[in-house]
């Protein structure tokens with residue numbers, strides 16, 4: 087009887103994976119700029135205590151974690167979908183595209199090392215179209231280390247880009263809100279109109 091129960095339970099167990107890729111995006115909500123995604127493979131001896139959902143970490147802690155992730159990760163990559171792609175295919179599909187691009191970069195890095203990704207874990211409830219098993223995990227950026235690391239890389243990369251954009255279009259205050267729809271950003275939009283990196287399909 088016990089053997090029969092054990093067999094039944096094993097049917098519902100998650101398979102064990104060695105090479106796990108985690109992916110996440112940053113920038114779905116802003117009115118301006120691209121969406122950024124990152125993908126990461128971590129070793130078993132990574133200092134996991136430095137990780138958390140990027141939204142729960144201070145800017146300083148994210149900046150301290152980033153070089154450690156890049157140094158110790160087995161593979162990592164950042165990729166983008168532009169504001170024009172967002173307008174053309176919508177923000178959800180653009181986010182999936184950015185994550186797929188990040189994953190493909192990691193896949194290439196792993197291949198150079200003679201390794202192959204076994205599963206892609208992504209934050210949220212939608213999955214990009216990739217050639218390996220992919221699982222979407224709601225709140226994965228707070229529970230899965232690989233997704234946490236990806237969320238940190240994606241947010242830092244996008245924040246840096248928006249700070250650079252603020253030097254070209256200083257009237258919008260991108261260095262402060264990173265393109266998100268706060269009161270000062272909306273006021274600047276109403277005063278100056280959209281700049282070349284604003285998402286024209288979003289409501290201002």
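Residue numbers (this note's numbering): 87 to 290. Even glycine gets a Cβ: it sits at the ideal position worked out from N, Cα and C. Because the structure is a prediction, the values reported are computed rather than measured.
Starting from residue 41, follow the alpha helix (DSSP H) in both directions and report where the run begins and ends.
In the structure displayed, the chain extends from 87 to 290; residue 41 sits before or after that span and is not available.
Close-in-space but distant-in-sequence residues of the same chain around residue 177 (CB under 6 Å, 5 per side omitted):
114
Apart from the five residues just before and just after residue 260, which ones in its own chain have a Cβ nearer than 6 Å to its Cβ?
248, 251 and 252
CB contact flag (residue 125, residue 235, <7 Å):
no
Compute the beta-carbon to beta-carbon distance between residue 106 and residue 189, rounded to the nearest angstrom, for a pair I have assumed lies under 8 Å.
Not confirmed; about 12 Å, so no contact.
Roughly how many whole angstroms lie between the Cα atoms of residue 137 and residue 262?
24 Å
Where residue 230 falls, given that 16 or more other Cβ within 10 Å makes a residue buried
buried
Short check: CB of residue 122 to CB of residue 243, under 7 Å?
yes
So, helix, strand or coil for residue 111, using DSSP?
strand
I need the DSSP call for residue 205, collapsed to helix, strand or coil.
strand
Proximity below 7 Å, CB of residue 103 to CB of residue 204
yes
Proximity winner among 162, 155, 239 and 147, relative to residue 191 (alpha-carbon distances):
162
Closest to residue 149 by CA distance: which of 217, 142, 238 and 131 is it?
238
Starting from residue 142, trace the beta strand (DSSP E) both ways and give me its first and last residue.
First-last for residue 142: undefined, no H or E at that position.
Quick check on the DSSP output: what are the complete beta strand (DSSP E) runs of length 3 or more inside the region 196-244, in order along the chain?
205-209 and 220-223
Within 10 Å of its beta-carbon, does residue 87 have 16 or more other beta-carbons around it, so buried, or fewer, so exposed?
In this prediction, residue 87 has a pLDDT of 42, which is less than 50 and means its spatial position is unreliable; nothing more can be read from the coordinates.
Select from 151, 166, 171 and 207 the residue whose C-alpha is nearest the C-alpha of residue 219.
207
Helix, strand or coil: how does DSSP classify residue 251 here?
helix
According to DSSP, is residue 125 part of a helix, a strand, or is it coil?
strand
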